[in-house]
Structure formats: C-alpha cells, structure tokens
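**Student:** One structure coming up, written as structure tokens, with questions to follow.
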Amino acid sequence: MGERGKISKSRKAWVKAVADVAEDCFEVQRKELESHEAKVKRAKDRVRQKVGRCEISQVKPKVTDRNPVELEVHHLFDASTRPDLAALEDNLLVLTSTLHRNFHKWMGQRPCEPKDFVDYLLRNELTHFEGSPSTRARQEQRQQKLIHRLELLQARYEGNRLLY
Numbered sequence: 193m194g195e196r197g198k199i200s201k202s203r204k205a206w207v208k209a210v211a212d213v214a215e216d217c218f219e220v221q222r223k224e225l226e227s228h229e230a231k232v233k234r235a236k237d238r239v240r241q242k243v244g245r246c247e248i249s250q251v252k253p254k255v256t257d258r259n260p261v262e263l264e265v266h267h268l269f270d271a272s273t274r275p276d277l278a279a280l281e282d283n284l285l286v287l288t289s290t291l292h293r294n295f296h297k298w299m300g301q302r303p304c305e306p307k308d309f310v311d312y313l314l315r316n317e318l319t320h321f322e323g324s325p326s327t328r329a330r331q332e333q334r335q336q337k338l339i340h341r342l343e344l345l346q347a348r349y350e351g352n353r354l355l356y
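Mapping of the sequence shown onto the numbering used here: residues 193 to 356, in sequence order.
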C-alpha cells in the first residue's frame with residue numbers, strides 16, 4: 193500500500209493479474225467437477241438400465257403397479273470418500289429405494305464400503321435369498337455370486353489402493 197491507505201498502481205496490476213489467473217483456474221475446476229458429475233450420472237443410468245431390477249430382492253419396477261418400485265443406484269465405496277470410483281460400474285449396485293434407505297439408516301453417517309454392505313446383507317436381508325426347495329439352490333448361488341463380487345471389489349480397491 194502506498195501512503196495514506198491508497199493502493200499503488202503496481203499493486204493494482206498485480207491483484208488484477210492474480211484475479212485473472214484465479215478466475216481461469218476456478219473455471220477449469222468448475223468444468224472438471226461438472227464433467228465428473230455427468231460421468232457418474234451416465235454410469236448410474238447405464239447400470240440401472242442394464243440390470244433393470246433390484247440386485248437383492250430381484251424386484252422389477254412395473255408401470256402398472258399402484259405403488260411402483262423405485263430403483264436407486266448405490267455406491268458400494270462411498271462416492272464422497274472415493275470419488276475416483278464413483279463412475280466405476282463395478283462399484284454400483286441397483287437397489288430398491290427402501291433397501292437403499294434401510295442400509296444407510298443402518299450405517300448411520302459413516303462412509304460405506306462393500307464389506308459394510310455384505311455385513312448388512314448377512315444380518316438383515318437374507319430373506320431375499322430364501323425360496324421354495326426347488327429354487328433354494330439357485331437363490332444360494334445368487335447370494336454367493338453377489339457376495340463374491342462385493343468381496344472382490346473390496347479387496348481390489350480398499351485402502352485407496354488401485355490394482356493394475
């Protein structure tokens with residue numbers, strides 16, 4: 193600052209130069225965040241479309257239902273703690289909104305990982321894998337396949353490590 197609280201011309205020029213650079217940096221960051229959010233949304237839409245049903249209960253939404261089931265896409269590794277996995281389709285699980293809400297209520301405010309969902313599944317939702325004696329073997333196989341998928345994802349990405 194110059195005398196009597198006035199800002200010198202060189203100081204004004206420096207502040208303007210810094211502001212111009214900062215604005216460019218903020219714009220680049222804004223575009224990056226928007227593109228990340230768009231990638232995540234596209235990945236969720238693809239998975240929801242591809243699977244088409246709840247991967248736990250096997251319930252499909254029907255337009256003719258009085259209260260149609262809503263399908264949501266759950267991030268097995270929490271999107272806020274692992275944004276690098278937010279658009280990875282293997283990290284996404286299609287659930288009914290009720291199952292999704294119940295899981296997060298069970299978890300509380302903690303960030304989740306696939307092992308947490310396996311724990312929740314084994315403690316609270318095993319009825320979705322029961323069935324008549326003729327379908328029991330198929331249901332158990334479906335349960336084991338899902339748990340194997342979640343354990344593999346956990347092993348591959350836990351501790352912020354990426355395996356190549």
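No residue lacks a Cβ here, since even glycine has one placed at the ideal position from N, Cα and C. This one's a predicted model, so the numbers in the text were calculated from it and none came from an experiment.
Let me know if residue 268 comes out buried or exposed under the rule of 16 or more other beta-carbons within 10 Å of its beta-carbon.
**Tutor:** Taking the first residue of the sequence shown as 1, we reach residue 268 at position 76. It is buried - the Cβ of residue 268 has at least 16 other Cβ atoms within 10 Å.
**Student:** What first and last residue would you give for the beta strand (DSSP E) that runs through residue 251?
**Tutor:** In the sequence shown, the residue the question calls residue 251 occupies position 59. Segment: none, residue 251 is in no beta strand (DSSP E) and carries neither H nor E.
**Student:** Need the endpoints of the beta strand (DSSP E) that residue 310 sits in, please.
**Tutor:** Taking the sequence shown and counting its residues from 1, one reaches residue 310 at position 118. First-last for residue 310: 306-316, but that is the alpha helix (DSSP H), not the beta strand (DSSP E).
**Student:** Do you know whose CA, among 257, 347 and 244, lies nearest residue 264's CA?
**Tutor:** On the sequence shown, residue 264 is found 72 positions in, with the first residue counted as 1. Nearest C-alpha to residue 264: 244.
**Student:** What are the residues that DSSP puts in a beta bridge with residue 265?
**Tutor:** Locating residue 265 in the sequence shown gives position 73, where the first residue counts as 1. Partner(s): 286.
**Student:** Output the distance between the C-alpha atoms of residue 286 and residue 352, rounded to the nearest integer angstrom.
**Tutor:** As a first step, residue 286 must be located in the sequence shown, where it is residue number 94. As a first step, residue 352 must be located in the sequence shown, where it is residue number 160. Each residue's alpha carbon lies about 23 Å from the other.
**Student:** Hey, quick one: how far does the alpha helix (DSSP H) through residue 347 stretch, first residue to last?
**Tutor:** Along the sequence shown, read from residue 1 onward, the residue named residue 347 stands at position 155. Taken as a continuous stretch (DSSP letters only), the alpha helix (DSSP H) holding residue 347 covers 325-349.
**Student:** Is the Cβ-Cβ distance between residue 246 and residue 273 less than 8 Å?
**Tutor:** To locate residue 246, count along the sequence shown from 1; it is residue 54. To locate residue 273, count along the sequence shown from 1; it is residue 81. Contact: no.
**Student:** Inspect the CB distances between the region 342-351 and the region 300-311 and report whether three or more fall short of 8 Å.
**Tutor:** In short, these stretches touch, since the Cβ pair count reaches three.
**Student:** What did DSSP end up calling residue 276 once you bin it into helix, strand or coil?
**Tutor:** Stepping through the sequence shown from its first residue, residue 276 is reached at position 84. Residue state, collapsed to three classes: helix.
**Student:** Check whether the Cβ atoms of residue 296 and residue 249 lie closer than 8 Å to each other.
**Tutor:** Here the question's residue 296 lines up with position 104 in the sequence shown. Here the question's residue 249 lines up with position 57 in the sequence shown. Contact flag unset, no.
**Student:** Helix, strand or coil: how does DSSP classify residue 294 here?
**Tutor:** For the purposes of this step, residue 294 is identified with residue 102 of the sequence shown, where counting begins at 1. Three-state result, residue 294: helix.
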